[in-house]
Structure formats: structure tokens, C-alpha cells
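Protein chains in written order, with the working numbering: chain P, 27 to 371; chain H, 49 to 239. Remarks on the structure that follows.
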Amino acid sequence: MSTNQHPIEQEELMAYLDGELPADQATEALAHLELCPECQTLAADFRGVSQDLMAWEVESPEAGISSEINASLGERLRKRQAAKVTSSRLENRVMTSRWVWAGALAIVCVAVGLKLTLTSRNRNEDRSTAYPSMASIEQYLIPDRNAEIALARSAAPPSISRDATVVTLGKNGYETAVEGKNGFICIVERGWMNSFNSPEFWSPKTRGAECFNPPAARTVVPYTYFRTKLVLAGKSKAEIKESIKTAMGKKELPALEAGAMCYMMSKDAYLNDGGGHNMAHLMFYTPLMDGAAWGANSIDDSNHVSFKFPNSPIFLTPQFLGDPEPMDNFVVPTRVWSDGTPDQM
Amino acid sequence: MTSDEALMLEFQGGSRAAFEELFARYRKPLYGFFARRLNNPERAEDLVQETFFAVIRAASRYEPRALVRTYLYGIALKLLAADRRKLLMRSTLGQSVPEPKTDGTPERVLWVRQAMEKLDAQEREILMLREYEQLSYSDIAELLRIPVNTVRSRLFRSRLALKSYLESEAKTNPALRANAGQPHPGRRGMQ
């Protein structure tokens, strides 16, 4: 493969597949990959190697903290306690700054955790078993259509959502319940709009109220409709992913439009099982990119927050990350609900 | 969910619960790290415990600018290197060295393991850190103290080489590919 024919090197293609290319190069790589059979073959080779490697699974024996570690831990904590007593003034100062820092981290974690658990790849094995497969379709439906409309509208301030199109979930997919006038779409998303590896992907409890602006309504919501149809048709996660890739390859799904965002400011949404069930925030969609360009703290596949930018209120979620939808999703808390009351989270 | 870094800070401040949570999060990943590199379950479990010992001993030196995950795998790599040195020393002195266990190992695991063994040692390490520990290129570069571009080029080489080794074996035994591995839950992996 020469650069005369291919605008990206093979190594760059690999880096793109690993999610390691900066946004501008990632966009270029994606555009080329969609059209180049040779690069598609190479990409398939790389994916094949990754898949083969997964054959080497390791069964971890159950084991707790050993008595030696417990003893060492006890000793350290005792010393720590003694140090607190003997240098209380200094310690108070250190602890204050520490807890301010830890508190800041905790706030951010809670803030992110709400939407991000909705969108994350959590490898918490206990929780992942809570929803091992799809529940009956009825469990995902909201019997009272008006209640679903109200919940969907509550995602954004009434000044925006009252003129929005509202869609509700039926047994065959989303249906337009109210025709809007301003190009926004309000919708209640279900668990399958999480990352494919989220333990709550099949949760029937998820009620993600969202109000998408016109660019997102045109170029993000179609992915929600598409995934939902496949889910309701009983497809597996692998089949859904493949179908999305195929549809993207055939240009049946749109390319992301600049300025796509959505409101998630509903008090009544249910985003995850992880404690606090909600948080008022906005989400911004971008092509695949390096979160550092936004000063965003990222969440990895294991749901760990990487605090590269302490006190930054922006987070790059793992909802899509090109797996397979070719876009990123940045979350920014608003601290206020759609009805104007403060979000204490 | 509290971040690892916040937990580490809490542990520095004297929280046993924070340590226990970190232990719960990382015991299995660390076990996998050691088990794949040593092929010796008992030793792998010992080294997991030693890693957490090191965390306790060095807790006061941890700084939040480093990711806990990278920090833990940094400790694990050092312990692994020390363990390998010990084995090498024993072997040089003519003492018995435990053989990697293959009894009861599924054929597909052996297939991957043996192909991996054919790779250059550092390329293998980079590939494993990427595929199994799911570290980013920059995390790997930091851990191995090499430039990010070197990580990328070696990862590229190792993947192509591994593909070739795996394919040549699969040609003689097509069953190896019959039940190709499913994507691992929670892994970063390829798109």
C-alpha cells in the first residue's frame, strides 16, 4: 500500500482502529476506509488478530486480601492515625486540601457516572450479570403514552421542547407522537443506547430522556432508530454492530453534522443503577477525536475516569467512540434541571 | 462510581475501604497480567499479592497525576522482571525451574500462546499491554519508557507477525478458527 494511492499509512490505519488518531486524521482515515477495499481487508486482519487473542482467557481464582496484606495495611493505617495525632495542625491543612481534591473528584465522578454509566463499558462483573440478555419487549415500553411524551419533553427547558417533535417507543420502533415545529426531537432512549459493553445495555429500567437539536436530530437520532429496530427484531449485539457498520458502508446512516448536541436535563429520567439516578447535563457530538482537544477527562472501557484535567467539567464518554458509530460524545453538567430548579448533584 | 485516583487519595488519607475497593477492581486484571506472562497460576497469585503490598508501602509517594491503572501495571512489570531474573538465576545455578503449565490448557489457548512466544520480547509485551491490559499507546510508552511512535510501529509489526504465525498454524488445524473468540467484555479493542 503506497501513500500515492492511500492518504493514510497502514500504521495510521491501525492507530485509527485503536482509537489513537487525532480527530482530523481519524476523520480522514474513516473516509478512506469506507471506500478502500484494500484497507478494509487490512482492517479486518487487525480485527481478526484481536479476536484470536481473546481465545487466551484466564480464569482467575477467587481470592481475598491475604492475611499478610491485611497486617501490612493495618500497620500502615495505624501509623497514619498516629501521624494524625502528633501533627494535627499540619495534618489538618494537608487533609483539607486532600479532601477538597478528593471531593472535587467525587463530584465529578458522580456527575459523570450518571450519564456515563448509561454510556460506559463497565467491566464490573457482578453488575454485568444483572441484565444478561434482552427482557421481554413489554418491559421496555411505557404503557402510558402521554407519560412518555411528558418525560421526553422534560429533557429540555419548555421553551425548547414545547415545539419539538416527540417520538415514543412502540413494539416496532419509535413512532412520531407529536409533530414539532423547531427541528428538535425529544425521545426517551432505552438501555441499548449504552455502549455495547455496558452492563446495563439490556436494562429495562433505563429511561434516558433526551432532546436533540436539529443537526443531531438529522444525524444522531437515526442511529438510535436503527439500533432500536434491530433490538426489537431480536438481533444480538454482534449482529447489531455488524448491521450498523454495513449500513454506514452503504451510506444508509448519515455522517455526523457539525453542531449536533442534545439536552438531558430531566429530573425524571432513569439513567443507571449506579446510585444517583440522574444528572442535568448537555451532550455534544463530534467526529472521533482526542478528548484533550476539549480539555475533557475521559472515561475508559473499564469506566475509569482519567483526570488529566482536574476541575474540567467536560467528559468524553465511551458511548460510541467509533464502536461502531463514528462519533464521540462529550458531556457537560448544567447544574440546573429543565424546569429551572438547581441540580444538587 | 469513584475513580481509581480518588480512591488512591482516600487510601493515602487512611481509608481501608478505598484500598479494598482498589483491590476488588484490580485483583483479576492483575492476575490475568501475571498469569499470561508466567503461565503459572500459583506464582501469578503470589505476584498479585506482592503488587498490593507494594501499593501499601509506596502509597504516600503516589501522585494523582499518574493514572492508578498505569501505576499498578508499572509495579507489576517491575515485579515480573524481578521474578524472571530470579528464575534465570536459579536456572543458571542448575536449580529446578517450574515449567509453564500446559495440562488441560485448551487447544486454542495454546495456539495463541505459542504464536505469541514467537514474537520479539518487547513487541510481545507491547501487544499484550494493548490487547489484554487495554492500555493506550501513551500509557505503554510511559511504562516501557519508549517513544509513543515506537510503541505504534512495534505494535504494528507484532500484529502482522502474529497474524502470520496464527494463520500458518490454523491452516494445518482449521478447527482453531472454527470458534473464533468473541469480543471481550469491556475491552478497548479494535473498532
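Note that CB positions come from ideal geometry on N, CA and C, so glycine has one too.
| task | Using 10 angstroms around the beta-carbon of V362 (chain P), count the other beta-carbons present and answer buried if the total reaches 16, otherwise exposed. | result | exposed
| query | By DSSP, does T54 (chain H) sit in helix, in strand, or in coil? | reply | Sequence inspection shows Ala at residue 54 (chain H); the Thr mentioned does not correspond to that position. In the structure shown, A54 (chain H) sits in a helix (DSSP, three-state: H, G or I).
| query | By DSSP, does C65 (chain P) sit in helix, in strand, or in coil? | reply | helix
| query | Mind pulling the chain H residues with CB within less than 8 Å of Q36 (chain P)? | reply | F204
| Are Y289 (chain P) and E236 (chain P) touching if we call contact CB-CB under 8 Å? | yes
| query | Quick one: what's M290 (chain P) bridged to in DSSP? | reply | P:H307
| task | Identify, in the order they occur along the chain, each residue of the same chain with its Cβ nearer than 8 Å to the Cβ of T360 (chain P), setting aside the five sequence neighbours on each side. | result | M291, A306, H307, L308, D369
| task | Would you tell me roughly how many angstroms separate the C-alpha atoms of E54 (chain P) and R133 (chain H), rounded to the nearest one? | result | 46 Å
| request: Whole angstroms is fine: what's the gap from S262 (chain P)'s alpha carbon to M219 (chain P)'s? | output: 14 Å
| request: Can you tell me the Cβ-Cβ gap for G234 (chain P) and L297 (chain P), rounded? I've got them flagged as a contact below 8 Å. | output: 6 Å
| message | On the criterion of 16 or more Cβ atoms from any shown chain inside 10 Å, does S123 (chain P) qualify as buried, or is it exposed? | response | Confidence in S123 (chain P) is poor, its pLDDT being 40 and thus under 50, which makes the residue's placement unreliable; the coordinate value appears in the next sentence. Under this definition S123 (chain P) is an exposed residue.
| message | Judging by CA-CA distance, which residue of P:Y251, P:C212, P:L256, P:L103 is the nearest neighbour of F238 (chain P)? | response | P:C212
| request: Find the residues of chain P that neighbour K76 (chain H), judging by a C-beta separation of less than 7 Å, and give them in chain order. | output: S86
| request: Quick one: list the residues of chain H neighbouring V192 (chain P), beta-carbon separation under 9 Å, in chain order. | output: By Cβ distance, chain H contributes nothing, its closest Cβ being about 32 Å from V192 (chain P), past 9 Å.
| With a CB to CB cut of under 7 Å and the five nearest residues on each side skipped, what residues in its chain are close to V193 (chain P)? | Y200, E201, T202, A203, I211, I213
| query | For L47 (chain P), which residues from the same chain have a beta carbon less than 7 Å from its beta carbon, with the 5 sequence-adjacent residues on both sides left out? | reply | E38, A41, A55
| query | Does the beta carbon of L103 (chain P) sit closer than 8 Å to a beta carbon anywhere in chain H? | reply | yes
| request: Verify the CB distance criterion: does M40 (chain P) have a CB-CB separation below 8 Å to chain C? | output: Of the chains in the structure shown, none is chain C; the protein chains are P and H.
| request: Could you tell me the boundaries of the beta strand (DSSP E) in which Y200 (chain P) lies? | output: 199-204
| query | Can you name the residues of chain P whose CB is closer than 8 Å to the CB of L214 (chain H)? | reply | V75, D78
| task | Could you please give me the residues that DSSP links to D354 (chain P) through a beta bridge? | result | P:T312
| If you run the structure through DSSP and keep just helix, strand and coil, what is F81 (chain H)? | helix
| message | Considering just the uninterrupted stretch of the beta strand (DSSP E) at N323 (chain P), what are its terminal residues? | response | 323-325
| message | Suppose you measure from the CA of E278 (chain P) to the CA of T67 (chain P); what does that come to, to the nearest Å? | response | 21 Å
| query | Ends of the beta strand (DSSP E) at A295 (chain P)? | reply | Element bounds for A295 (chain P): n/a, residue is neither H nor E.
| task | Could you say which of P:A70, P:H32, P:H58, P:P240 lies nearest to E268 (chain P) if we only look at CA atoms? | result | P:A70
| task | Quick one: which residues of the segment 237-269 of chain P get their C-beta closer than 8 Å to a C-beta of chain H? List them in chain order. | result | A264
| request: Reducing DSSP to helix, strand and coil, say where I104 (chain H) ends up. | output: helix
| query | With burial defined as no fewer than 16 other Cβ atoms inside 10 Å of the residue's Cβ, what is the status of P63 (chain P): buried or exposed? | reply | exposed
| Taking buried to mean at least 16 other C-beta atoms within 10 Å of its own C-beta, is L120 (chain H) buried or exposed? | buried
| field | C-beta neighbour in chain H for L308 (chain P), strict 8 Å | value | no
| message | For a contact defined as C-beta to C-beta under 9 Å, what are the partners of A83 (chain H) on chain P? | response | V84, E85, S86
| query | Quick one: is G234 (chain H) near chain P, going by C-beta distance under 8 Å? | reply | Unreliable placement is indicated for G234 (chain H), whose pLDDT of 37 sits below 50; no coordinate value is reported for it.
| message | Going by the DSSP bridge assignment, what does I211 (chain P) pair with across the sheet? | response | P:T191, P:F238
| Nonlocal neighbours in the same chain, by C-beta distance under 6 Å from A114 (chain H), ignoring five residues either side | none
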